[in-house]
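Reminder that position 134 of the sequence shown reads as 134 in UniProt numbering, one-by-one numbering, no gaps.
Right, one structure below, let's go through it.
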Amino acid sequence: MLKIGKYEFASRLLLGTGKFPDYTTQRQAVEESETEILTFAVRRMDIFDQSQPNLLEALDVKRFTLLPNTAGAKNAEEAVRIAKLAKASGLCDMVKVEVIGCDKTLLPDPIETLKASEELLKEGFTVLTYTSDDVVLARRLEELGVHAIMPGASPIGSGQGIINPLNLQFIIEQSNVPVIVDAGIGTASDAAKAMELGADGVLLNTAVSGAKDPVKMARAMKLAIEAGRDAYLAGRIPFKEYAVASSPTEGMSIG
1 MLKIGKYEFA
11 SRLLLGTGKF
21 PDYTTQRQAV
31 EESETEILTF
41 AVRRMDIFDQ
51 SQPNLLEALD
61 VKRFTLLPNT
71 AGAKNAEEAV
81 RIAKLAKASG
91 LCDMVKVEVI
101 GCDKTLLPDP
111 IETLKASEEL
121 LKEGFTVLTY
131 TSDDVVLARR
141 LEELGVHAIM
151 PGASPIGSGQ
161 GIINPLNLQF
171 IIEQSNVPVI
181 VDAGIGTASD
191 AAKAMELGAD
201 GVLLNTAVSG
211 AKDPVKMARA
221 MKLAIEAGRD
231 AYLAGRIPFK
241 EYAVASSPTE
251 GMSIG
């Protein structure tokens with residue numbers, strides 16, 4: 001089970017709801033993924049005006065835990081305000097903190113991210129913090145008390161996959177809270193690799209919504225995360241410099 005604060009989930013796939021070509025594809029992809037957590041940007045939705053288009057309207061949201069995120073926030077104050085709006089609308093008290101510091105790379109602002117996370121923890125939120133793959137920053141966030149750390153595999157929406165597996169491994173090894181790899185996943189092998197490194201889960205959106213067949217990709221991601229998790233728990237064989245026979249030689253006659 002994936003445990004985040006007081007919540008428990010059977011699925012380790014967190015799925016974004018944006019950028020799908022239409023509501024039908026979105027719904028089918030969500031169902032195929034078997035995710036239990038749906039994330040969305042509060043600033044892209046009018047969560048109080050029922051007459052406005054709603055990315056979640058085609059879904060039975062009672063079946064899911066909703067994870068609003070603070071995408072679009074440029075500082076801690078904006079992020080906290082967005083999170084409070086989401087909570088006031090009756091959504092889950094769980095929030096993904098996202099404070100972007102660079103418009104070109106969409107990399108997070110580490111200082112404002114720390115500030116926002118600290119304030120939201122004081123407000124009683126279950127805080128999942130999106131960050132870069134900075135090992136020291138990840139440790140600082142855990143010391144602060146966040147409920148999950150979400151390091152990016154590569155820039156948001158880039159599809160580059162895991163560009164720094166060593167840093168991700170360091171973050172995973174030192175963390176006592178869930179590590180959910182977020183941003184940059186391009187295909188199923190990227191998700192499997194993240195899980196093989198020991199990640200507790202993967203959050204993705206564009207890799208599914210932007211695929212030629214989002215529904216098939218959603219299924220592929222589900223299976224990749226399951227396979228990667230099993231492989232991590234099973235323990236891979238060590239790397240060896242030379243070949244090692246896979247069949248036993250003891251007891252075999254020679255000549």
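Cβ coordinates follow ideal geometry from the N, Cα and C atoms, glycine included.
Neighbour-count burial assignment, residue i, 16 or more Cβ in a 10 Å radius
| i | result |
| --- | --- |
| Asn-205 | buried |
| Gly-235 | exposed |
| Ile-225 | buried |
| Val-99 | buried |
| Val-177 | buried |
| Arg-229 | buried |
| Val-30 | buried |
| Asp-190 | buried |
| Val-136 | exposed |
CB contact check: residue i to chain C, cutoff 9 Å
| i | result |
| --- | --- |
| Ala-71 | Looking for chain C here will not work: only one protein chain is present. |
From the options, residue whose alpha carbon lies closest to that of residue i
| i | options | result |
| --- | --- | --- |
| Glu-173 | Pro-238, Ala-183, Arg-139 and Glu-36 | Arg-139 |
| Val-202 | Ala-211, Asp-109, Asp-182 and Ala-188 | Asp-182 |
| Val-97 | Ala-211, Lys-104 and Thr-113 | Thr-113 |
| Met-94 | Tyr-232, Ala-188 and Leu-14 | Leu-14 |
| Val-179 | Glu-196, Val-42, Tyr-23 and Thr-25 | Glu-196 |
| Val-146 | Tyr-232, Gly-72, Glu-123 and Gly-16 | Glu-123 |
| Phe-40 | Lys-115, Asp-200, Leu-66 and Tyr-232 | Leu-66 |
| Leu-141 | Cys-102, Ile-171, Lys-104 and Asn-167 | Ile-171 |
| Leu-38 | Phe-64, Ala-79 and Ala-88 | Phe-64 |
Residue(s) in a DSSP beta bridge with residue i
| i | result |
| --- | --- |
| Gly-16 | Thr-39 |
| Asn-69 | Ala-41 and Lys-96 |
| Ala-148 | Leu-128 |
| Asp-182 | Gly-152 and Leu-203 |
| Leu-2 | Phe-9 |
For the 8 Å Cβ check, are there 3 or more pairs between the stretch 83-94 and the stretch 124-132? yes
Would you be able to state if there are at least three C-beta pairs under 8 Å between the stretch 183-196 and the stretch 1-9? no
Residue ranges of each beta strand (DSSP E) run of no fewer than 3 residues wholly in the stretch 102-139, ordered along the chain? 126-131
Are the stretch 227-245 and the stretch 24-36 touching, with three or more C-beta to C-beta distances below 8 Å? no
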